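When we follow our numbering, the leftmost residue of the sequence shown carries the number 6, and every step to the right adds one. The structure appears below as structure tokens.
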Amino acid sequence: MRITSPAPNSTWLITAEPAWPSLVFTTDAQGVHTWRWSIEWHTFSAHGLASTAGPRWDAREVIEGMGGTLTVRVSCGQATARSSVLVRGTNPAMADITHYITTRPESDGFERIVEHESRGRHFTSQQVPQRSFDNGYGLCQLTNPVPTFVQVWHWKRNIDAGLALFRSKRTAAIRHLSQNGRSHTPEQLRRETVARWNGGRYHDWAE
6 MRITSPAPNS TWLITAEPAW PSLVFTTDAQ GVHTWRWSIE WHTFSAHGLA STAGPRWDAR
66 EVIEGMGGTL TVRVSCGQAT ARSSVLVRGT NPAMADITHY ITTRPESDGF ERIVEHESRG
126 RHFTSQQVPQ RSFDNGYGLC QLTNPVPTFV QVWHWKRNID AGLALFRSKR TAAIRHLSQN
186 GRSHTPEQLR RETVARWNGG RYHDWAE
């Protein structure tokens, strides 16, 4: 028994949309097939089990949102086979990143943070997610809380997670700027929020 497709160690690209490729595994055997799969990249991993009545199985549904090395072990009766392929990413255009951000609520100014953090690039030249020295991942350089496997590989989910953190920083900034009944301008709020995103504070009230 052997896996006839896809070719071992072949590379399959996630589009800039992003959309995951159809990754159809086939064998030269007949009968019920059990497919054991695992996908791994850096410290992230996922695995599972699927069954088909024949020698064809599309892995796209189970790996959607993730990337790295996909390894499939298949059995049919007493026969077994194993193969691995690479799933890699494609960077979106900055215009598409900005457009997506503007469709999200409470996102004003966040595109500047994304451009500063990653220069609008989610993937490296090796087509894997950007990772900083302190394990910040993707467009938003997500560090704490630690992102999920999907948030690391799916650039839109990376932005969604970044925006959730941004909104929490914005709420803290409003609380700080509004203490003792004080008022603030939109620009003051933007500066305070960005400073808190970076772990600091922009404004200090004089006594």
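Yeah, the Cβ is synthetic: ideal placement off N, Cα and C, and Gly gets one too. Here the structure is a predicted model, which means the values were calculated and not measured.
Worksheet item: Can residue 252 and residue 72 be called in contact, C-beta distance under 7 Å?
Response: Coverage of the chain is limited to positions 6 through 212, which leaves residue 252 absent and any answer about it impossible.
Worksheet item: Mind checking whether residue 82 and residue 128 have CB atoms under 7 Å apart?
Response: Contact: no.
Fill in: Endpoints, the beta strand (DSSP E) within which residue 44 is located
For residue 44, the enclosing beta strand (DSSP E) starts and ends at 38-46.
Worksheet item: Counting along the chain, where does the alpha helix (DSSP H) carrying residue 67 start and finish?
Response: It spans 65-68 - the alpha helix (DSSP H) in which residue 67 sits, taken as one unbroken run.
Worksheet item: Taking three-plus beta-carbon pairs below 8 Å as touching, is the segment 40-48 in contact with the segment 73-80?
Response: Cβ pair count under 8 Å is three or more, so yes.
Worksheet item: Just to confirm, are residue 114 and residue 187 a CB contact at a threshold of 7 Å?
Response: Using a Cβ distance threshold of 7 Å, residue 114 and residue 187 do not count as a contacting pair.
Fill in: Reduced DSSP secondary structure (H/G/I, E/B, other) of residue 106
Residue state, collapsed to three classes: helix.
Worksheet item: Can you tell which of 58, 153, 132 and 167 has its C-alpha closest to the C-alpha of residue 146?
Response: Ranking 58, 153, 132 and 167 by CA distance to the CA of residue 146 puts 167 first.
Worksheet item: In this structure, does DSSP put residue 169 in helix, strand or coil?
Response: Secondary structure of residue 169 (DSSP, three-state): helix.
Discussion item. Contact defined as beta carbons within less than 8 Å: I believe residue 67 pairs with residue 30. What is the distance between those atoms, to the nearest angstrom?
Written reply: A Cβ-Cβ distance of about 11 Å is found for the pair residue 67 and residue 30, leaving them out of contact under the 8 Å criterion.
Practice prompt. Rounded to whole angstroms, what's the CA-CA distance from residue 120 to residue 9? Just pull it up for me.
Written response: So the two alpha carbons sit approximately 43 Å from each other.
Practice prompt. Tell me, please, which residues DSSP counts as bridged to residue 62.
Written response: As computed with DSSP, residue 62 is found in a beta bridge with 30.
Discussion item. Could you check if residue 40 belongs to the surroundings of the ligand SAH, using beta carbon to heavy atom distance under 6 Å?
Written reply: Absent from the structure shown: the ligand SAH. Ligands present: none.
Worksheet item: Around the Cβ of residue 14, are there at least 16 other Cβ atoms within 10 angstroms (buried) or fewer (exposed)?
Response: Residue 14 is exposed by the Cβ-count criterion.
Worksheet item: How should residue 12 be labelled, buried or exposed, when 16 other C-beta atoms within 10 angstroms of its C-beta is the threshold for buried?
Response: So residue 12 counts as exposed.
Worksheet entry | 8 Å Cβ shell around residue 122 - same chain, five flanking residues per side excluded | The residues are 141, 144, 145 and 146.
Fill in: Supposed close pair residue 151, residue 162 - CB separation, criterion 8 Å
14 Å between Cβ atoms; not a contact.
Worksheet item: Which stretch, first to last residue, makes up the alpha helix (DSSP H) that contains residue 154?
Response: Per DSSP, residue 154 is one residue of the alpha helix (DSSP H) stretching across 154-158.
Item to complete: Determine, using beta carbons only, whether residue 34 and residue 60 come nearer to each other than 7 Å.
Response: Here residue 34 is near residue 60, since their CB atoms are less than 7 Å apart.
Worksheet item: What is the DSSP secondary structure of residue 19, counted as helix, strand or coil?
Response: Looking at residue 19 - three-state DSSP - the assignment turns out to be coil, as it is neither helix nor strand.
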